[in-house]
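Line by line, the protein sequences are chains A and B. Using the numbering used here, count along the first sequence one by one with no gaps and you end on 102. Using the numbering used here, count along the second sequence one by one with no gaps and you end on 115. Just so you know, even glycine gets a beta-carbon here, dropped at the ideal spot from N, CA and C.
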Amino acid sequence: SQTIHQWPATLVQPVGSPLSLECTVEGTSNPNLYWYRQAAGRGLQLLFYSVGIGQISSEVPQNLSASRPQDRQFILSSKKLLLSDSGFYLCAWSGVRSWRETQYFGPGTRLLVL
Amino acid sequence: AQSVSQHNHHVILSEAASLELGCNYSYGGTVNLFWYVQYPGQHLQLLLKYFSGDPLVKGIKGFEAEFIKSKFSFNLRKPSVQWSDTAEYFCAVNVGSQGNLIFGKGTKLSVKP
């Protein structure tokens, strides 16, 4: 069966520090991968999605970036965190048979920028 | 731009009460519709989805949703809620060839025992 991992589970970082959040998927090949952010009172917002290694699409301009160095690894990064980057970050994967595929979510990383 | 509206931020019900959570979307083309649920301390997970066919969709745990195209709505219903239904519920729309989900802001449901 497929599983999705995210780490760390919780992170407290000072403003201006770098960020690296990792997501890995097991039990499937060539998944579509997604990064979402859930900020307080704002629901879930798609940040990035990837349909393959090295292929990243950005939905929202910001100081975050994403990379996909391996088929089942998706990394969210920032060179300098802002206070507004605080939130709950969710990684998700879906199959590629059609664009109707259900997305499966990881446990999330709670980021607090101070 | 496409958007999804969930009208209720927090709903409080007693056990056995009936539930209806509203969801409206703004997109004129073909959409796929989803309801996700996040129980306390658990992953976000799929509750039900609509792609085509019968507009009344049945999901897990006795939930159902009705797609009304003319109203751009996909409301979630359950005839009799249980304490274990306490969770946050998210409506989502899938548009475009990449399958990107657009989520509503979520509705917190609290069920009193």
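Select from 90/A, 35/A, -11/A and 23/A the residue whose C-alpha is nearest the C-alpha of residue 10/A. 23/A
Pull the bridge partners of residue 33/A from the DSSP assignment, please. Per DSSP, 25/A.
Cα-Cα separation between residue 10/B and residue 70/A, rounded to whole angstroms: 30 angstroms
Measure from the C-beta of residue 10/A to each C-beta in chain B and report whether the shortest distance is under 8 angstroms. no
Any beta-carbon of chain A closer than 8 angstroms to the one on residue 10/B? no
For the beta strand (DSSP E) that residue 80/B lies in, which residues bound it at each end? 75 to 80
According to DSSP, is residue 7/A part of a helix, a strand, or is it coil? Residue 7/A carries a strand assignment under DSSP once its states are collapsed to helix, strand and coil.
If we count Cβ pairs, one from each stretch, closer than 8 angstroms, do we get three or more for the region 62 to 79 of chain A versus the region 46 to 53 of chain A? At 8 angstroms Cβ cutoff, the stretches touch.
For residue 85/B, write down the residues that DSSP places opposite it in a beta bridge. Per DSSP, none; premise fails for residue 85/B.
Starting from residue 111/B, follow its DSSP beta bridges and name the residues at the other end. According to DSSP, residue 111/B bridges with 13/B and 89/B.
Going by the CB atoms, is the gap between residue 78/A and residue 93/A shorter than 8 angstroms? yes
Can you give me the Cβ contacts of residue 14/B inside the same chain, cut-off strictly under 6 angstroms, excluding the 5 residues immediately before and after it? 112
Just the Cα atoms here: how many angstroms apart are residue 89/B and residue 15/A? The C-alpha of residue 89/B lies about 28 angstroms from the C-alpha of residue 15/A.
What residues in the region 35 to 62 of chain A bring their beta carbon closer than 9 angstroms to a beta carbon of chain B? 37, 39, 45 and 47
Spatial neighbours of residue 84/B within its chain, please: C-beta separation below 7 angstroms, excluding the five flanking residues on both sides. 17 and 113
Residue from 25/B, 104/B, 103/B and 53/B with nearest C-alpha to residue 79/B: 25/B
When the Cα of residue 5/B is compared with those of 41/B, 23/B, 30/B and 72/B, which residue comes out closest? 30/B
Could you tell me which of 21/B, 8/B, 7/B and 104/B sits nearest to residue 87/B, measuring between CA atoms? 21/B
So residue 92/B contacts chain A; which residues on that side make the cut at Cβ distance below 8 angstroms? Simply 31 and 32.
Give the residues of chain B in contact with residue 95/A, contact being defined as C-beta atoms less than 8 angstroms apart. 45
Note down the Cα distance separating residue 91/A from residue 82/A, rounded to an integer number of angstroms. Looking at the two C-alpha atoms, the distance is approximately 5 angstroms.
Based on Cα-Cα distance, which residue from 71/B, 81/B and 38/B lies nearest to residue 55/B? 71/B
For a contact meaning CB atoms closer than 8 angstroms, what does residue 90/A contact in chain B? 36, 48 and 51
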